[in-house]
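Top to bottom, those sequences are chains R and V. Be aware that the first sequence starts at 159, since it is given in my numbering, and climbs by one per residue. Be aware that the second sequence starts at 159, since it is given in my numbering, and climbs by one per residue. Every residue, glycine too, gets a C-beta built ideally from N, C-alpha and C. Keep in mind it's a predicted model, so treat the numbers as computed, not measured. Heads up, the thing below is written out as structure tokens.
Number of protein chains: 2
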Amino acid sequence: MTSTLKTAAPRSGGPALADAKPRAAMPESPCKACAARHLAVCGVLSSDELYQLTTILNTVVLKPGEQLLFEGDPAKYVFNVTAGTLKLYKLLADGRCQVTGFLYPGDFLGIANREIYVSSAEAVVATSLCRFRKDQLDEMLKRFPHMEQRMMTMAADELAAAQDQMLLLGRKSAKEKIASFLLVLARKAAQRGEQETTLHVPMSRADMGDYLGLTTETVSRCFTQLKTERLISIRTGGYVELLDREALEDLAEGI
Amino acid sequence: MTSTLKTAAPRSGGPALADAKPRAAMPESPCKACAARHLAVCGVLSSDELYQLTTILNTVVLKPGEQLLFEGDPAKYVFNVTAGTLKLYKLLADGRCQVTGFLYPGDFLGIANREIYVSSAEAVVATSLCRFRKDQLDEMLKRFPHMEQRMMTMAADELAAAQDQMLLLGRKSAKEKIASFLLVLARKAAQRGEQETTLHVPMSRADMGDYLGLTTETVSRCFTQLKTERLISIRTGGYVELLDREALEDLAEGI
DNA sequence: GGCCAATCTTGATTCAGGTCAATGACCGCG
DNA sequence: CGCGGTCATTGACCTGAATCAAGATTGGCC
């Protein structure tokens with residue numbers, strides 16, 4: 159299994175961020191226009207530092223369902239999601255799948271990784287990422303201690319989220335899992351400055367099931383139940399409206 | 159709920175590590191004698207650095223079942239386990255419990271924490287820890303970048319372990335969970351340089367259940383099953399012998 | 001060494017969620 | 001605008017693990 163990642167070829171429109179390295183001295187970094195910048199590790203960098211980062215960055219664009227990398231591949235690169243949604247997952251020998259996380263703009267892929275990737279990664283929708291060679295980014299981190307600190311904070315957040323997910327997987331009922339998941343999505347949407355009452359839920363029922371330790375059918379049944387109880391309302395195009403946030407919070411906490 | 163931690167009072171025998179601060183210039187750090195040192199963050203420090211660390215360290219001793227801290231407490235301290243076993247856990251409103259991890263000598267408690275602790279911590283057996291005030295350790299980390307790097311590596315390892323645990327909780331059967339758990343214990347024992355075929359399993363069936371998302375009864379039944387199938391043998395005193403490691407590995411991977 | 005309390009094991013029964021199967025809704029495409 | 005494929009929903013049924021309920025071990029303590 160080899161990674162099928164694809165650096166952005168001359169795609170229609172937009173400044174081609176890929177292959178930035180050969181470019182000569184450039185006064186403005188394209189990162190300045192990046193919508194995800196203030197969310198990502200890059201958020202703490204100065205103008206000059208940002209430019210230095212640009213020199214070691216390549217852009218990767220993925221179509222929905224396209225694979226970025228496989229568990230077990232040598233971890234040569236780390237990534238920063240700039241647009242779209244990515245799912246990280248692990249497989250058992252017989253094909254059972256556990257999604258270990260969904261990544262949104264600003265999220266970093268590769269904190270947890272060592273010599274090899276510990277999860278596979280696949281695009282849920284059309285997704286863009288910044289790609290860094292790990293050795294080059296490590297070099298840069300040495301120069302920018304505040305960026306390393308930012309990284310540490312993100313690792314801590316991820317670890318805390320992982321513990322919440324363990325509680326969910328180990329001890330919550332199907333309905334509680336769905337309620338918790340929707341609330342996490344809402345909080346993340348709020349962080350990104352998006353509408354948090356009418357949520358965009360881009361992933362399939364199957365992906366949600368694989369994230370929550372449920373089957374597609376159970377996810378569907380729980381959505382129907384929550385709809386019947388008027389806690390949520392399901393819209394077309396993968397949108398879910400949270401009608402009774404309080405009740406959902408209680409459900410998620412096991413009250 | 160307030161932490162009930164207890165700094166080592168004059169306990170019988172052993173050098174009293176607690177209250178090291180007031181001591182004047184000391185040529186030798188008591189850390190040098192610490193059995194867990196080469197496993198812990200302190201493993202990368204020089205003699206002099208180790209001494210500096212000693213000046214901000216207090217020792218905490220816990221009896222079996224004693225509480226170190228509660229989820230939600232302000233995270234003023236971080237800890238390093240030097241002896242014994244600690245369990246980290248989270249509770250739901252109705253008392254359902256999820257153990258998020260067991261900590262052994264060399265493990266660090268507090269990487270994941272932010273302003274407040276995200277899990278409660280309780281001693282499984284008699285346990286000793288080094289306690290650091292977080293602000294003081296942060297100060298020290300700034301001075302010792304290689305210690306900070308060590309910390310980052312430990313965070314990455316913890317994150318990778320958390321993802322493995324998600325796969326376990328979300329997708330493995332009860333028997334697969336038990337097999338996986340025993341193998342992780344064996345690998346950790348090997349790391350600590352202990353016997354890895356006859357394992358010491360200090361925690362109760364209930365604790366294991368809370369870690370694996372099972373009930374006490376199911377844990378017990380699975381142990382009986384594995385015993386009947388001659389994959390393990392159960393000894394007194396909380397010891398388990400792994401009789402067929404290969405079969406256990408296959409079981410754990412879902413083969 | 002024997003007693004008590006806690007822990008562990010085993011059995012009977014129940015039930016949440018899985019499995020299998022059949023529609024139904026939606027979306028991209030010609 | 002209708003057609004086909006994918007994804008979501010719903011129903012019937014099954015099963016693995018939970019629950020409830022006794023006993024059996026174990027280990028700490030006088």
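query, result
"Of all the options Gln349/V, Lys234/V and Leu384/V, which has the alpha carbon lying nearest to the alpha carbon of valine 398/V?", "Leu384/V"
"How about valine 282/R and proline 360/R: are their beta carbons less than 7 Å apart?", "yes"
"Determine the burial state of glutamate 316/V: buried for a count of at least 16 other Cβ atoms within 10 Å of its Cβ, exposed for fewer.", "buried"
"Suppose the cutoff is 7 Å on Cβ atoms and the five residues either side in sequence are ignored; what does the same chain contact list for alanine 364/R look like?", "Thr374"
"Just mark proline 232/R as buried or exposed, buried being the case when its beta carbon has 16 or more other beta carbons within 10 Å.", "exposed"
"Would you tell me roughly how many angstroms separate the C-alpha atoms of glycine 172/V and isoleucine 214/R, rounded to the nearest one?", "With a pLDDT of 33 at glycine 172/V, under the threshold of 50, the modelled position of this residue cannot be trusted, and the question is left open."
"Could you check the C-alpha separation between alanine 279/R and alanine 313/R for me, to the nearest Å?", "18 Å"
"Expressed to the nearest angstrom, what Euclidean distance is found between the alpha-carbon atoms of aspartate 322/R and arginine 345/R?", "14 Å"
"So, do the region 326-333 of chain R and the region 285-303 of chain V have three or more beta carbon pairs nearer to each other than 8 Å?", "no"
"Suppose the cutoff is 7 Å on Cβ atoms and the five residues either side in sequence are ignored; what does the same chain contact list for glycine 396/V look like?", "His358, Val359 and Pro360"
"Can you list the residues of chain V that glycine 412/R reaches, using a CB-CB cut of under 7 Å?", "Leu250, Ala251, Asp252 and Arg254"
"Return no unless some Cβ of chain V is closer than 7 Å to the Cβ of valine 282/R.", "no"
"Have a look at serine 277/V and leucine 249/V and give me their C-alpha separation to the nearest angstrom.", "9 Å"
"Measuring alpha carbon to alpha carbon, tell me which residue in Tyr369/V, Arg301/V, Val236/V and Val342/V is nearest isoleucine 274/V.", "Val236/V"
"What would DSSP say about proline 188/V, mapped onto helix, strand or coil?", "helix"
"What number of angstroms, rounded off, separates the C-alpha of alanine 405/V from the C-alpha of alanine 241/R?", "44 Å"
"For a cutoff of 7 Å on Cβ pairs, would you count glutamine 349/R as touching chain V?", "no"
"What's the C-alpha gap between leucine 142/V and threonine 285/V?", "Outside the modelled stretch of chain V, which goes from 159 to 413, sits residue 142/V, for which no answer is possible."
"Which residues mark the beginning and the end of the alpha helix (DSSP H) in which valine 377/V is found?", "374-386"
"Give a yes or no on whether the minimum CB-CB distance between valine 377/R and chain V is below 7 Å.", "no"
"Taking contact to mean at least 3 C-beta pairs separated by less than 8 Å, is the region 205-225 of chain R in contact with the region 294-314 of chain R?", "yes"
"Compare the Cα-Cα distances from alanine 270/R to each of Met309/R, Cys255/R, Met298/R and Tyr262/R and report the closest residue.", "Met309/R"
"Have a look at Leu267/R, Asp402/R and Ala251/R and flag the residue whose alpha-carbon is nearest the alpha-carbon of threonine 356/R.", "Asp402/R"
"Going by C-alpha to C-alpha distance, which of Gly371/V, Leu341/V, Asp296/V and Leu400/V sits closest to arginine 254/V?", "Gly371/V"
"Distance, Cα to Cα, isoleucine 392/R vs glycine 259/V?", "37 Å"
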